[in-house]
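Let me begin by presenting the structure, written as structure tokens, before commenting on it.
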Amino acid sequence: MEVTLSGRMGGPEAGIACLPAIVAYRQRLKAALAPLAVDGLAVLDITLHVGGSITDFAAQGFTAQACYLRKPEKLTVAIYVSRRDAEAEREPDVAAWLLRGLESMPRSASVAALDLDAVLDALRAAG
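In this text, residue positions in the sequence shown follow my numbering: the first is 280, and each later residue adds one.
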């Protein structure tokens, strides 16, 4: 499975604190998910939005959204971490944010039809 992980920062302090952790985790994520095969899923595209001083992407709290495109077999996941949540941690826990987002995202019928258990297990193991 192909996997992408990108980050959008809500302020310069979020970028300084979180971007290196996102970049460092990207390789672990790709290594953990590359050998997996999920029926109907060729690409997992994750964007982590971390709130900051300019834009607090999740002012109401941690949230996630998913959109599945059947034809290219692509699941796009947007995970929103509030500024408060990001600043509460001494070190950004990208792995925990991704796992929490994938576990808590509302699932449309098309997303619910995907068997994401192996993906979640691989994320837990990759820590």
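Using N, Cα and C, we set each Cβ at its ideal position, and we do this for glycine too.
- GLY319 places its beta carbon 8 Å or farther from that of GLY289.
- When only Cα atoms are considered, LEU327 and ASP400 end up about 20 Å apart.
- Counting only the Cα atoms, GLU368 lies some 28 Å from LEU395.
- Under the three-state reduction of DSSP output, GLU368 falls in the coil class, being neither helix nor strand.
- Sequence-distant partners of SER383 (beyond 5 residues in either direction) whose C-beta falls short of 7 Å from its own C-beta, in its chain, are ALA343.
- PRO314 sits exposed, since fewer than 16 C-beta atoms from the chains shown fall within 10 Å of its C-beta.
- Proximity to LEU323 across ALA293, ILE333, LEU284 peaks at LEU284, based on C-alpha coordinates.
- Within the segment 289-345, the alpha helix (DSSP H) runs of at least 4 residues that lie entirely inside it are, in chain order, 291-312.
- With 16 or more other Cβ atoms inside 10 Å of its own Cβ, ARG362 counts as buried.
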